[in-house]
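Protein chains in written order, with the working numbering: chain V, 1 to 315; chain W, 1001 to 1548; chain X, 2001 to 2275.
To start, the structure itself, in structure tokens.
In structure tokens form, the structure reads like this:
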């Protein structure tokens, strides 16, 4: 089992390196080169040449990739093309804000979703199950900004309970942050609870349909015992994957929600810099998002290896 | 067989039970229709029938349990002194299950929770019902493991389900059912998933346990020979209705109903050898063939056999013997690593894609599972007509004529020609598979377990059809099977395989007569016969051989 | 009402109605819409009245007409992308399943790699360099989305290839073309149909999200995502303007999901107790 975990960790690191290469190649697939793409209409031979030199485009691509990657490992992503500031300085506080929002949403959403999923699975086919099923199906279908604007219109504007803009800054206190980020958090929670709850329900139902659950019923065990002792330990691995998958989804969902609430996070920064063709910042943000995503998936796989009795107890 | 006193108390009384399917969209079919039985203490009643007979549904309903969308809609289920299960609250029913009545399922591997040790699962029912403390339950479990001849009875309980073999797991499940000292045990096809040699041991363990503990049992199976060994009385079921119910010897020896008579007689009928005259050049000659999947050890090792035109050569073995792999090598799906396969005198290329269309045409195959052997989206015309069009380049009209001819030959109605294969029954699908093989006008047909997915009577009809076609057309059959009963009746030559090697081969009469190869003898002695004394004799023979 | 030989559930019937209405709106927009989508008809943010049921927008254009025209761009674009993504995904997925060996390995590992990153993030990287032209959007999203189609198509085909009727065709000496088009494809259609609905929802929402972020469909064409973006500031003045296009997006995806959910439920039935 230790071997499996080691293998999975190595695979995770290899995936991360490959992903970094992909992000780098993504900016190399142009018909011309990066400099002319950035300057577009304002390109003159002089400023093109200068930008090429700034970007290091005179060096071979492989060397530039190696320099970029080693810089990234040391936390050096170069300078922004838009304002010349150090990329790391731009990113660091915003990354903290994004993680705060994601963690805030996750802490509320995960227990809620797993609990609701279990409850729906146990009452399969009942009124509670059907209602929750229909509501979550609708929630996962709608875009985040639809929920966000509904919340803003009714909770922020009409009731005035929470602010509609979440402009926190470095000197906002923790409690204030919780208050300002409440509506963005709630939007994210609504979306991922629906996803997570449905997938939890499906995993538990798959386990509940197995012959050993029928055997447990025929042994005269109580429903509580069947669920806690027979269904849950076997549903754990799929539930963990579900949670990790949705936390990874959260990383993406956060981009849109940040934009709606003008929350100063990494996602909003990335969106702004994409339209400015600020490639170094976009690459850095992309790498950070990708790394978080890959890391979460790796942790999920390792946890499900740990919770599999067949792997924990070899033949 | 024990004699159950006629005045022994009744422990399970099923009265006019009806079980039906009911969904949101309305009432479905009736699965069990007006079935009654009284089970006395110490008695074993065998429930026998083909698929769809409702026998498992009766077993589960006797515990007051039905699967999703099924409901007990009529009758009573009286369990011991506890009263009618149907009239009880769910909690009252729950208190009886696992304690007064318990269940042994067909697939032990699926019926154990993979995340709990065997000991925890065996002890769970009595401990949770509060009739034993953990220490007592564990001691009782170890005692049962010992009685069931499980290896390392003291420590095997600490293992997880995936760490023990299928036959052992099945016996652990018996311990799990017995530990609460139930008055009634429901055995639901408990040996069907096992190899024949393992089946004998499990069957013997179950019978001893039931007798020693004086439990009553419902024993559900599709195999009359199995139920003959263990049941005092037998109920024959068909499509949810009782056909015949009586003393085991009476059912086996003097069946009253026509359906029972057919079930019983089909098994006894065979034993007529069809010796074919030795031809000149063999149709197929397999010489010293060895094969393996990429990077794995050999699955078959140095196997040789010959098939003449008109021969039926049976390849027999248990799961993992390599018999299906041999078929894959002959057809070229798995290239051989060494040896030669000659067909009509010429060596066949190891790979399928290097063989000529004519070679492909002359060797056809029929599969075990008719459901997946035919494309469910195609009509019979598509399926059977394709080889005609593909190999013989016939026009559409000619293809249709030929398909109709083949349907007649298979005893299938001509108007089936435009039906999709998914609309047919299992036996009909297997006839279509045969028609597809015949459409290529082959010299050799490889039959891979062609009857084992079919009900007994349907399987018999397929065998009879194959036999008739051979007499008419002189085709050679390579007949892969685990069922020695079939082999004895239809094959004139036989090859016995064990873990990829040939252990015996030759004329069926000589292979299946003394002096036997020890493994052949073990296989032969493991095939249940319909005589109720067979199990005792088989066990005695085994004991004698171990002593010798 | 019945479809594919099964009784429609109530949500599925609602879903089909929603889809039909949306498609009609997209096809016949010029006939249905009361005004042109780009003509300025009055003051910015004029209130709703008998003529302009939802009022006028930031440039004084009729919001209802823009919503109706928006269906064309939003639905049309998503359909084009989903179709392209399916074409790529099915061709490569089937090829991987049927060819097996190194072809399968290479394609599968490459797809794993693309899937190891959030689609939105990778799309950002590409768009930061190439800009948000329609062809760039279509190709980028279709290629990224086809990875998911590849996975499903491959696993469906691998399941079918191992079945004996495919083996029987190989033993007969049939070529790959016959096996893929006659043996595999007809049996792969039911699971792929449900997936088409899901992928459509995904690309439709994805395009809308990009437009909302200002990185998708560029003005002056009306599409629902951009309309949410253009009207967003009005929310703070108590107007529901951004909610109309967002609701249009939500309605369609809910409708499609209702139908997909019903299709998937036809195939799955579990077990349980009912004494």
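Note that the Cβ used here is the ideal one computed from N, Cα and C, for glycine as well.
For clarity, every value in this text was computed on a predicted model and none was experimentally measured.
At 7 Å on the CB atoms, spell out the chain X contacts of residue 1377 of chain W, in chain order.
2186 and 2187
Jot down the residue ranges of each uninterrupted alpha helix (DSSP H) in the region 1059–1143 of chain W, minimum 4 residues, whole runs only, in chain order.
1090–1096, 1108–1111 and 1118–1128
Report the residue from V:174, V:2 and V:74 whose alpha carbon sits nearest the alpha carbon of residue 96 of chain V.
Distance from the Cα of residue 96 of chain V is smallest, within the candidate group V:174, V:2 and V:74, for V:174.
Given a threshold of 16 other Cβ atoms within 10 Å of its Cβ, counted over all protein chains shown, does residue 195 of chain V qualify as buried or as exposed?
Residue 195 of chain V counts as buried, since at least 16 other C-beta atoms from the protein chains shown sit within 10 angstroms of its C-beta.
In whole angstroms, what is the alpha-carbon distance linking residue 2086 of chain X and residue 206 of chain V?
So the two alpha carbons sit approximately 29 Å from each other.
Check whether the region 1185–1199 of chain W touches the region 1216–1224 of chain W, taking contact to mean three or more Cβ pairs, one atom from each stretch, closer than 8 Å.
With a cut-off of 8 Å, the region 1216–1224 of chain W and the region 1185–1199 of chain W count as touching, because enough Cβ pairs lie within range.
Could you check the C-alpha separation between residue 279 of chain V and residue 2125 of chain X for me, to the nearest Å?
Residue 279 of chain V and residue 2125 of chain X have their C-alpha atoms spaced approximately 8 Å apart.
Within the 8 Å Cβ cut-off, does residue 2168 of chain X reach chain W?
yes
Between residue 2165 of chain X and chain W, is the shortest Cβ-Cβ distance under 8 Å, so that the two count as touching?
yes
Where do the ends of the beta strand (DSSP E) carrying residue 2065 of chain X lie?
Careful: residue 2065 of chain X lies outside any beta strand (DSSP E), inside the alpha helix (DSSP H) at 2063–2099.
Rounded to whole angstroms, how far is the Cβ of residue 1161 of chain W from the Cβ of residue 1206 of chain W, which I believe are closer than 8 Å?
Contact doesn't hold; Cβ gap of about 19 Å is too wide.
Pull up the DSSP beta-bridge partners for residue 1447 of chain W, would you.
W:1366 and W:1479
Are residue 2147 of chain X and residue 2192 of chain X touching if we call contact CB-CB under 8 Å?
no
Minimum C-alpha distance to residue 1174 of chain W - residue among W:1141, W:1501 and W:1518:
For residue 1174 of chain W, the closest alpha carbon among the candidates W:1141, W:1501 and W:1518 is that of W:1141.
At a cut of 8 Å, does the region 184–192 of chain V reach the region 135–148 of chain V through at least three beta carbon pairs?
yes
Which stretch, first to last residue, makes up the alpha helix (DSSP H) that contains residue 1188 of chain W?
According to the DSSP assignment, residue 1188 of chain W belongs to no alpha helix (DSSP H) but to the beta strand (DSSP E) extending over 1184–1188.
In whole angstroms, what is the alpha-carbon distance linking residue 1022 of chain W and residue 199 of chain V?
When rounded, the distance between both Cα atoms is 28 Å.
Cβ of residue 2101 of chain X within 8 Å of any chain W Cβ
So no, residue 2101 of chain X is outside the interface.
In the structure shown, what three-state DSSP assignment does residue 2006 of chain X receive?
strand
Taking 8 Å as the limit between beta carbons, can you name the residues of its chain near residue 1166 of chain W, skipping five residues before and five after?
1108, 1109, 1193, 1194 and 1198
Contact list for residue 2175 of chain X against chain W, beta-carbon separation under 9 Å
The premise fails here: residue 2175 of chain X is roughly 10 Å from chain W at the closest Cβ pair, so nothing lies under 9 Å.
Candidates X:2121, X:2248, X:2137 and X:2072: closest to residue 19 of chain V by CA position
Sorting X:2121, X:2248, X:2137 and X:2072 by C-alpha distance to the C-alpha of residue 19 of chain V places X:2121 at the top.
Shorter than 8 Å from the beta carbon of residue 211 of chain V to some beta carbon of chain W?
yes
The beta strand (DSSP E) enclosing residue 1039 of chain W, as first and last residue numbers
1026–1040
Confirm, please, whether the CB-CB distance from residue 2241 of chain X to residue 2234 of chain X is below 8 Å.
yes
If you pair each beta-carbon of the region 1318–1332 of chain W with each one of the region 1360–1375 of chain W, do three or more pairs fall below 8 Å?
yes
Extent of the continuous beta strand (DSSP E) run through residue 1284 of chain W
1284–1291
Quick check: the Cα distance between residue 1157 of chain W and residue 1119 of chain W, rounded to an integer number of angstroms?
4 Å
With distances taken Cα to Cα, identify the nearest neighbour of residue 1285 of chain W among W:1395, W:1313, W:1116 and W:1355.
Between residue 1285 of chain W and the set W:1395, W:1313, W:1116 and W:1355, the nearest pair of CA atoms involves W:1313.
Taking residue 233 of chain V and residue 1115 of chain W to be in contact with their CB atoms under 8 Å, please state how far apart those CB atoms are, rounded to whole angstroms.
4 Å
Within its chain, find whatever has a CB closer than 7 Å to the CB of residue 2232 of chain X; leave out the 5 residues flanking it on each side and keep chain order.
2242
Collapsed DSSP secondary structure at residue 1306 of chain W in the structure displayed
strand
Against chain X, does residue 1406 of chain W count as a neighbour if the rule is that its beta carbon must be under 8 Å from one of theirs?
Closer than 8 Å: no.
Taking the alpha-carbon positions, what's the residue 2063 of chain X to residue 2030 of chain X distance?
14 Å
Please report the distance separating the alpha-carbon of residue 2200 of chain X from that of residue 2082 of chain X.
So the two alpha carbons sit approximately 6 Å from each other.
Residue 1497 of chain W - containing beta strand (DSSP E), residue span:
1493–1498
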